[in-house]
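Report on the structure given below.
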Amino acid sequence: MKKNILLLALLVFFVGCSTKHEYLSTKKSVDINSYKGTWYEIARFEHFFEKGCKNVTARYNLIEDNKIEVINKCTKIEDDKKKEAKGIAYAIDNTNSKLKVSFFRPFYGDYWIIDVDKDYKYALVGSPSREYLWILSRDKKIDKKVKEELLLKARNSGFDTKKFIWTIQE
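The sequence shown begins at 1196 in our numbering and counts up one residue at a time.
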């Protein structure tokens, strides 16, 4: 009887920890020095921390101990008030494509760089849970061809691109 309960508990644990998604492929290697700086949000999956925001930017700065300072800024659409959130990130492996980011330590979330072009002008970033997804650019607008390529990459990676909110950048 005890053996059956233990087996059932293990089964429930492993099924509960499994994901319904296939593994999320990321960029093979990311040069953090090239990635740092300011990125404009082109599109995002909506979440409470960016709800109702326009002019969204993310700035990444290298700091001590191989950590990355993250500064997210936006303007609320309803009243033009500026918001800022500061966080910290670190790479979980030597590819630098899989980061853990926290704005509410000790809680960290996945920030995986799915794609970035060779010149570090645009990026597709998401989470393996498929709950988070962003298209980022060094400019406020993105070329239509690049946009279509990133949408295709996102769909092929298991994301529902119909959930995108297209960010107002003024």
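Note that CB positions come from ideal geometry on N, CA and C, so glycine has one too.
Selection from the options that minimises the alpha carbon distance to residue i
| i | options | result |
| --- | --- | --- |
| residue 1316 | 1265, 1226 and 1355 | 1226 |
| residue 1318 | 1298, 1229 and 1268 | 1229 |
| residue 1276 | 1247, 1265 and 1264 | 1247 |
| residue 1307 | 1320, 1296, 1301 and 1314 | 1320 |
| residue 1296 | 1271, 1282, 1364 and 1365 | 1282 |
| residue 1298 | 1245, 1232 and 1217 | 1245 |
| residue 1271 | 1250, 1262, 1291 and 1285 | 1250 |
| residue 1356 | 1288, 1329 and 1333 | 1329 |
Residue(s) in a DSSP beta bridge with residue i
| i | result |
| --- | --- |
| residue 1256 | 1264 |
| residue 1277 | 1270 |
| residue 1365 | Residue 1365 is not bridged to any residue. |
| residue 1249 | 1270 |
Nearest-angstrom Cβ-Cβ length linking residue i and residue j, presumed shorter than 8 Å
| i | j | result |
| --- | --- | --- |
| residue 1331 | residue 1236 | 6 Å |
| residue 1293 | residue 1279 | That belief does not hold up - the Cβ atoms of residue 1293 and residue 1279 are roughly 25 Å apart, past 8 Å. |
Contact between the segment 1341-1356 and the segment 1248-1268 (3+ Cβ pairs under 8 Å): Output reads no: the segment 1248-1268 does not touch the segment 1341-1356.
Beta strand (DSSP E) runs wholly inside the segment 1281-1358, at least 3 long, in chain order: Complete beta strand (DSSP E) runs here, min 3: 1293-1299, 1302-1311, 1317-1321 and 1328-1332.
Taking contact to mean at least 3 C-beta pairs separated by less than 8 Å, is the segment 1235-1244 in contact with the segment 1318-1335? In this structure the segment 1235-1244 touches the segment 1318-1335; the number of beta carbon pairs closer than 8 Å is three or more.
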